[in-house]
Amino acid sequence: MSPKVKRNFKTKPIITRNLVQLLGFGALSGITLLTMLLIFLLVGVIIVRGASAITFDFIFGYPSNGMKAGGIWPAIVGTIYLILGSAIFSVPLGIGASIYLSEYAPDNRLTQIIRIAIITLAGIPSVVYGLFGLGLFVLYMNMGTSILAGSLTLAIMNLPVIISTTEEAMRSVPQAFRVVSISLGATHWQTIRRIILPQALPGMITGVILGLERAAGETAPILFTAAAFYLPRLPHSPFDQTMALPYHLYVISTQVPGMPQEIQYGTAFVLLVLVLGMNLAATVIRSRARARRQW
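Per the working numbering, the very first residue in the sequence shown carries number 108; after that it's consecutive.
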């Protein structure tokens, strides 16, 4: 190789590469710190301005005086009903679909189209799901504006997140686990039930909680299918309307003049605690599952 050609392969000085790397790490660290600062600032404002409204009567009382006084207990109970209802419908279907796609479905064109469709559905705005639930469950199936219609709508909205995350969790389990299990005489289903699902449990929990948290904080789907503007009582059946924290927060922030700000921030504080509580419970369960994982 001629000296001229050799000069073309001269590498950059090490100090230049280290400087570029240092600048890159500094930029990423700065972006991370800025994001964390904004999140802590938002949470701090909600806590500081909403903590004064948190009393026993506010949590367990019923709204009064045009929702300018009283409590938010019907909205809390309604939110829990909607979360549980969406979990009942979405979690079994989502996990079942992910088991099929991960363990049984052949790797062909149809399966690829299904996965693309799932990813696409995960990015659809929630208001579209609300209109779909209004047309299908409320009007066509004559469920009316009810907890059942809202739960089914939220379940459909949660399915793409649960399916994609659960499938990835199952596919991340080493193939050797499957080979050893089947070589010892286990059937395919026994391998899935006793080996794959327990090992993939941390990732599955993450997907389920992500879906349910989205259901807990959405307003548009329940606006068309389940939520009531003002309902100073608890629902008695799945076919009743219900109040919900996200929609209640929207109503008292935009539709009720003269609403005290402490009630608005107090409602936001309760919703924040509910979501963070779900995160904390999922973290504990996920940590225990990871401790038992064998890889």
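Glycine residues also receive a C-beta, built at the ideal position from the N, C-alpha and C atoms.
This structure is a prediction, so every number in the text was calculated from the model and none was measured.
Buried versus exposed call for residue i [16 or more other C-beta atoms within 10 Å across all chains shown]
i	result
G292	exposed
M438	Residue 438 falls outside the range modelled here, since the chain spans only 108 to 402, and no answer is possible.
D347	buried
Q128	exposed
A398	exposed
T260	buried
H295	exposed
Q297	exposed
M108	Since pLDDT at M108 reaches only 47, below the 50 mark, its modelled position is unreliable, and no value is offered.
A351	buried
G310	buried
Nearest-angstrom Cα separation, counted from residue j out to residue i
i	j	result
V268	V287	30 Å
R152	L191	Per the sequence presented here, residue 152 reads as Val, with Arg not at that position. The straight-line gap from Cα to Cα measures roughly 29 Å.
A307	A276	5 Å
P364	V155	23 Å
I122	F132	15 Å
F239	L126	53 Å
P213	T361	51 Å
A283	G178	55 Å
S197	L266	6 Å
L141	L149	12 Å
L378	P353	8 Å
R216	Q371	50 Å
I359	L241	23 Å
Helix, strand or coil at residue i according to DSSP, with G and I counted as helix
i	result
S171	strand
F116	Caution applies to F116, whose pLDDT of 47 falls short of 50 and renders its modelled position unreliable; the value that the coordinates give is listed next. Coil at F116, not helix or strand.
A182	helix
G373	helix
T349	strand
I392	helix
G292	coil
G177	strand
A335	coil
D164	helix
P364	coil
P199	helix
L341	coil
E325	coil
N265	helix
I311	In the sequence on display, residue 311 carries Met and not Ile. Three-state result, M311: helix.
M143	helix
T252	coil
N386	helix
Residue from the options whose Cα sits closest to the Cα of residue i
i	options	result
L319	Q297, L304 and M264	M264
S344	Y337, L352, Y354 and A333	A333
G237	D214, T313 and L330	L330
G373	W180, P342 and W296	W180
G314	T390, T298 and Q282	T390
A323	F163, L341 and L356	L356
R340	F163, M143, G201 and F167	F167
S171	L338, A351 and L379	L338
L304	P328, T186, R321 and E274	E274
Within 8 Å, strictly: CB atoms of residue i and residue j
i	j	result
F244	A262	no
F376	I221	no
G312	A176	The question names Gly, but residue 312 is Ile in the sequence shown. The answer is no: Cβ separation not under 8 Å.
T326	A335	no
E369	G157	yes
T218	L208	yes
M385	I316	yes
P328	Y188	no
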